[in-house]
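> One structure follows; several queries about it will come next.
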Amino acid sequence: MHRFLRPRHIPGALAILVATVAMPAAAATGETQAWITESLVIAATPADTISLDHSQRFRRDSSNGDQQTARVLLDHRIAKGVQLGGGLAFFHSGPEQELRLFQQATLTRGIFLARTRIEQRFFDTANRASWRLRQRVQASLPLGSAKGPTLVAAAELFFHLNRARPSDKTGLAVMRQQIGLRQPLSKAIDAQLLYMRQQTFRDGRPDAVVHVPWLSLSWKI
């Protein structure tokens, strides 16, 4: 019987995180996109955080063209390392608009974070809500002093729970893998540059793989 080995140091733990989700993309179609996100994080109370963000996603016409997103999120800390939250988001592109509601639980311990999110997605091209479960795990490893960069590695799985349209797929639908660096620019502003690989699983045809350089700027007040 195989036994799982407990990593004895942080780099070993990060290697396990990355290796666990390193699945080959055999017979997949691919494209490259570019994403930019600007966010404002407000510490409303010692236990409550409000996040506002706006994104631009530069995509091919075959992927419904460029997309703009806006999101509002409230997180409330109920215990050390435990947050409950929720919010709403709007996604705009040429052929389709989406309004999204979501609820989430986030657990943090040391360099590790795990987030479970449930989404209700309302499209102007569907008559009912699409429900989705997202499970994310992340490790953030400081590479020096507090003013130095932090290595970020993450993986996220997306599960479709119902069919809003007859053509929709249920079950495991998307996998994301991310790796990059986060760098403080000042006491209140961080910049993060990630590479993200997103794989969409499709029945009866090759999976779709997207490669995304993703720049994020975050301002904390």
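Residues -27 to -1, 1 to 194 (mature numbering (1 follows the signal peptide of the UniProt record, and there is no 0)) make up the sequence shown, in order.
Positions of the beta carbon are idealized from the N, C-alpha and C atoms, including for glycine.
Going by C-alpha to C-alpha distance, which of T5, A181 and F174 sits closest to L145?
Reading the sequence shown from its first residue, position 172 is the one you call residue 145. Of T5, A181 and F174, the residue nearest in Cα terms is F174.
> Which residue's Cα is closest to the Cα of G121: Q40, P157 and F95?
Indexing the sequence shown from 1 puts residue 121 at position 148. Considering only alpha carbons, the answer is P157.
> If you measure between the beta carbons of F96 and E69, is that distance less than 9 Å?
Here the question's residue 96 lines up with position 123 in the sequence shown. Here the question's residue 69 lines up with position 96 in the sequence shown. Yes, the pair counts as a contact, with Cβ atoms nearer than the cut-off.
> Should Q41 be labelled buried (16 or more other beta-carbon atoms within 10 Å of its own) or exposed?
Within the sequence shown, the letter at position 68 stands for residue 41. Burial call: exposed.
> Measuring straight from C-alpha to C-alpha, what distance separates R138 and I91?
Here residue 138 is taken as the residue at index 165 of the sequence shown, counted from 1. Here residue 91 is taken as the residue at index 118 of the sequence shown, counted from 1. Going from the Cα of R138 to the Cα of I91 covers about 19 Å.
> How is the beta strand (DSSP E) around D180 delimited, first residue to last?
To locate residue 180, count along the sequence shown from 1; it is residue 207. Element bounds for D180: n/a, residue is neither H nor E.
> Could you tell me the boundaries of the beta strand (DSSP E) in which D163 lies?
For the purposes of this step, residue 163 is taken as the residue at position 190 of the sequence shown. I162 to T173 is the extent of the beta strand (DSSP E) around D163.
> Taking only three categories from DSSP, how would you classify D39?
As a position in the sequence shown, residue 39 is number 66, starting the count at 1. Coil at D39, not helix or strand.
> Determine contact between the stretch 11 to 28 and the stretch 167 to 185, defined as no fewer than three beta-carbon pairs at a distance below 8 Å.
No, the stretch 11 to 28 is not in contact with the stretch 167 to 185.
> Going by other Cβ atoms of all chains shown within 10 Å of its Cβ, with 16 needed for buried, is F131 buried or exposed?
Translated into positions along the sequence shown, residue 131 becomes position 158. By the neighbour-count rule (16 or more Cβ atoms within 10 Å), F131 is buried.
> Any idea which residues DSSP pairs G58 with across the strands?
By 1-based counting over the sequence shown, the position of residue 58 is 85. In the DSSP output, where bridge partners are listed per residue, G58 has D48 and Q77.
> Do you know how far the Cα of I84 is from the Cα of T123?
Start at 1 with the first residue of the sequence shown, and residue 123 comes out as number 150. Start at 1 with the first residue of the sequence shown, and residue 84 comes out as number 111. Whole-angstrom Cα-Cα distance: 10 Å.
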